[in-house]
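Here the sequence shown stands for residues -21 to -1, 1 to 276, numbered as in mature numbering (1 follows the signal peptide of the UniProt record, and there is no 0). Shown next, in structure tokens, is the structure this report addresses.
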Amino acid sequence: MPRFRGLLLLISVCITNSLMAQQKLSLYVAPGYQAANSRWSIAGNSNGTNPNIYSELIWKNLQCANVQAGIDYQYKQWGVRLNYNESFIQSGDVTDTDYGADNRRQPVYEGVFQDDKGHLLQADAALTYTFRLRGVGLTPMLGYVLNKQNLYVLPKRASDPADLRSTYNAKWQGLLTGVEAIFILGKHFDLTPSLYYYQLHYTADANWNLITQFQHPRSFSHKANGYALKPSLRLDYKLCPLLRIFLKGDYAYWNTAKGTDELFLTSGQVDYTQMNGARRQEGGMALGVAFSFRAGR
């Protein structure tokens, strides 16, 4: 019996070591820079007319300090990937324009403001599976993405009201799909292009803090369905088996279809009109470091 128990223990240790040797955990962190633009507009009524573009908000040239971090756990060819990305807006311009006629004609109000306080963040989780084909790793993935925009409308000129502090908080969330390929370029370099597609539901709440006819802190809200495309390219340099540095560049395009605008008045009345859609573009660069740990080593 002692010999039998010893044999079982030996088999158990061998199996455990074999399983652990097929596991890999990678961690990364990367500070960087991001530039962004964002816009939305509404029509004059729920039919999309009178005029077709009644009010339009544009945030442009948003300059952001960015930080990214993530974890990638792999067992054999399967994996789980978690990513977090946050950008802090340092400067940017905001325009608020109302029109009296279709196709942005006859502007009746034009305001120029700034945003140097907002932030953008994204968290996503995905299940991955890696195919290894003659030195190339091909990894499709499926998961969930949550992206938030915290945008401000703040005074820019001395003539602007000092207490202007309007906010627009948007949330994009839904299905994440993607694919990446890893090309091994010699002993030290890897090149990883990737492409992500998000199928999204869009919601937003705004507080136009100086408009006395609007309720506060929820003056109006937006709802729509949309999507995003995000290509990315990453170059890794292996310092040793456990440590690498990388340079990463990416671009993202976000867009929604037409949706609904709900306006909440202090009288208790709720007015509805057509939201023409929201659109944004982002691009950035990051320089990071990644650590890899393989169990059993």
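For every residue, glycine included, the Cβ atom is placed at its ideal position computed from N, Cα and C.
- T252 has its alpha-carbon roughly 7 Å from the corresponding atom of E241.
- Looking at the DSSP output, V87 bridges to nothing.
- Take the alpha-carbon of Y52 and the one of N45: they are about 24 Å apart.
- Less than 8 Å separates the beta-carbon of I50 from that of L6.
- Contact check for N16 and Q260: beta-carbon distance about 5 Å, within the 8 Å limit, so the pair qualifies.
- Secondary structure in the segment 181 to 251: no alpha helix (DSSP H) run of 4 residues or longer lies completely within the stretch.
- The Cβ atoms of L221 and F272 lie closer than 8 Å to each other.
- Rounded to the nearest angstrom, the gap between the Cα atoms of L61 and A80 is 47 Å.
- As the crow flies, the alpha-carbon of A231 is around 10 Å from that of Y176.
- For L125, the secondary structure class from DSSP, reduced to helix, strand or coil, is strand.
- Under the three-pair Cβ rule at 8 Å, the segment 15 to 32 counts as touching the segment 67 to 80.
- Its Cα nearest to that of N234, the residue A207 stands out among R111, A207 and Q248.
- Comparing C-alpha distances from S66 to each of Q13, I161 and P140 shows the shortest one belongs to Q13.
- Under DSSP, D75 forms a beta bridge with L36 and G90.
- Proximity to M120 across E159, H180, F199 and S246 peaks at E159, based on C-alpha coordinates.
- Pairing A185 with T245 gives a Cβ-Cβ distance that is not under 8 Å.
- The alpha carbon of T191 has as its nearest neighbour, out of H201, L143, P210 and S211, the alpha carbon of L143.
- Taking a C-beta distance under 8 Å as the contact criterion, F92 and K135 qualify as a contact pair.
- Between D103 and Y123, the C-beta spacing is below 8 Å.
- With respect to G267, A9 sits close: the two C-beta atoms are nearer than 8 Å.
- Its chain contains L242 as the residues whose beta carbon lies nearer than 6 Å to that of D250, once the 5 sequence neighbours on both sides are disregarded; these appear in chain order.
- Comparing alpha carbon positions, the residue from G90, G165 and G23 closest to D139 is G90.
- When the alpha-carbon of Y63 is set against those of I37, A105 and R83, the nearest one is in A105.
- By the 16-neighbour rule on beta-carbons within 10 angstroms, K209 is buried.
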